[in-house]
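Engineer: Pasting in a structure now, in structure tokens, and then I'll have a few things to ask.
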Amino acid sequence: MDMLVLSNSSATTRILVIGGTGIIGQHLVAASLNAAHPTAVLVRPATVAADAAKASLGDIDDGQGSVAAMKQADVPEEVLSQLKIVAAIQEAGNIKRFMPSEYGCDVEVAEHMLEPARSILGAKVRVREALTAAGVPRTIVCSYWCQGFLLPRAGNPEADGFFVHEKDMSRVAIKAVQDPRTLNRILHPPRAVRLWEEKTSRALEELLRRIQDSPMPLSFQLAMVHATMAVGGGGVCEQTVNASAGVEATELYPDVHFATVQDHLNALGRCRVDPIVPTTPSP
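Printed below as a string of structure tokens:
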């Protein structure tokens, strides 16, 4: 595994982002660098470009390569396959905290989740169990919907929905890496960012039918919409924070301004494209 050093920092906690070029990973890398952490990114060689982070070229299927990358970090932020990473963390023996690839709903309270989402997200439960069994120090970030990526159009007007911008979620995740209040806890999104959906003409029965009839990955995405937006009274966004296992982001970090859904929609409105009016050639 080749190492490309692109910047240095005086901060004490070294962070490794596994999959740092993806939708979530790129924001984690930016937040880590902005917080002045020495930052490394484990990526496949084809994805490397000039950046302010240290790039570790490799693949998570390469066990020794993963271990080598782990030994150069204190906190790995993981956004790809995970059970192999848990094994690499155990072998490396120097990781202070692991933040697995969650950044979605709290899968352990998803009582109303339909297939295929239930089976797919069951893998996250197995990762949590493996981390507990291995005694790996960890913080799990549950941020639900990424408002910069998706705002759903179908929903129960009495069901809470959480939308957190990827940049805000990443800033909070990086703040949590050295925070003893988040150690072995689940970090929940700010309830100030909830949205009460308006009624739409799309019936719940139609959504259920589309889940059953649609191919992957659309069926998975629709099942997640159902679990987080269409189910009232018991859906994954209806759960209260369990004080013994979780903490709430705005209570820990009142200095962080979280973009609201209205902020996001206002920004979209400002980005409208004006029509192009053809010019008349000069005579």
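The numbering of the sequence shown is UniProt numbering, which starts it at 1 and goes up by one. The C-beta atom is built at its ideal place from N, Cα and C for all residues, glycine as well. Quick caveat, the model's predicted, so the values are computed rather than measured.
Tell me the DSSP secondary structure of Ala133 in three-state form.
Structural biologist: helix
Engineer: Excluding sequence positions up to five away, which residues of its chain have a Cβ less than 7 angstroms from the Cβ of Arg210?
Structural biologist: Excluding sequence positions up to five before and after Arg210, its CB lies within less than 7 angstroms of the CB of Leu222, all in the same chain and listed in chain order.
Engineer: Please report how far the alpha carbon of Thr139 lies from the alpha carbon of Pro215, in whole angstroms.
Structural biologist: 33 angstroms
Engineer: Name the DSSP beta bridge partners of Arg138, please?
Structural biologist: DSSP lists Phe98 as partners of Arg138.
Engineer: Residue range of the beta strand (DSSP E) that Thr39 falls in?
Structural biologist: It spans 39 to 43 - the beta strand (DSSP E) in which Thr39 sits, taken as one unbroken run.
Engineer: In terms of residue numbering, what span does the alpha helix (DSSP H) encompassing Ile85 cover?
Structural biologist: For Ile85, the enclosing alpha helix (DSSP H) stretches over residues 83 to 92.
Engineer: Hey, would you say Thr39 sits closer than 8 angstroms to Gln178, going by beta carbons?
Structural biologist: no
Engineer: Out of Arg128, Glu115, Leu218, Ala173, point me to the one whose CA is closest to Thr250's CA.
Structural biologist: Ala173
Engineer: DSSP has Gly246 in a bridge; who is on the other side?
Structural biologist: The partner list for Gly246 (beta bridge, DSSP) reads Ile186.
Engineer: Where Asn246 and Thr182 are concerned, what is the direct C-alpha to C-alpha distance, given to the nearest angstrom?
Structural biologist: A small correction: the amino acid at residue 246 is Gly; Asn does not occupy that position in the sequence shown. Between Gly246 and Thr182, the C-alpha separation is close to 8 angstroms.
Engineer: Consult DSSP for Val164 and reduce its assignment to one of helix, strand or coil.
Structural biologist: strand
Engineer: Give the DSSP-derived three-state secondary structure of Glu158 in the structure shown.
Structural biologist: Unreliable placement is indicated for Glu158, whose pLDDT of 43 sits below 50; the coordinate value is still reported in the next sentence. Residue state, collapsed to three classes: coil.
Engineer: Using DSSP with H/G/I as helix, E/B as strand and the rest coil, what is Pro180?
Structural biologist: helix
Engineer: Inspect the beta-carbon positions of Val86 and Leu121 and report whether they are closer than 8 angstroms.
Structural biologist: No, these two residues do not count as a Cβ contact at 8 angstroms.
Engineer: How about Gln90 and Ala123: do their beta carbons lie closer than 8 angstroms?
Structural biologist: Their beta carbons are not under 8 angstroms apart, which means Gln90 does not touch Ala123 by this criterion.
Engineer: Taking the alpha-carbon of Leu252 as reference, which of His27, Ala176, Gln212 has the nearest alpha-carbon?
Structural biologist: Ala176
Engineer: Which class does Leu33 belong to by DSSP, given the choice of helix, strand or coil?
Structural biologist: helix
Engineer: Is Gly25 helix, strand or coil by DSSP?
Structural biologist: Helix, per DSSP.
Engineer: At the level of alpha carbons, what is the spacing between Val107 and Val125?
Structural biologist: Distance between the alpha carbons of Val107 and Val125 is about 7 angstroms.
Engineer: Give me the residue from Ser170, Arg171, Val41, Gln212 with the minimum Cα distance to Gly20.
Structural biologist: Val41
Engineer: According to DSSP, is Met216 helix, strand or coil?
Structural biologist: coil
Engineer: For Met169, does the three-state DSSP call read helix, strand or coil?
Structural biologist: Correct three-state label for Met169: helix.
Engineer: Alpha carbon to alpha carbon, how far is Val136 from Leu114?
Structural biologist: 30 angstroms
Engineer: On a Cα-Cα basis, can you pick out the residue from Leu33, Ile24, Lys96, Asp168 that is closest to Asn184?
Structural biologist: Lys96
Engineer: On the criterion of 16 or more Cβ atoms from any shown chain inside 10 Å, does His188 qualify as buried, or is it exposed?
Structural biologist: Label assigned to His188: buried.
Engineer: Mind checking whether Leu33 and Val17 have CB atoms under 8 angstroms apart?
Structural biologist: no
Engineer: Quick one: is Ile23 buried, meaning 16 or more other Cβ sit within 10 Å of its Cβ, or exposed?
Structural biologist: The residue is exposed, with fewer than 16 neighbouring Cβ atoms inside 10 Å.
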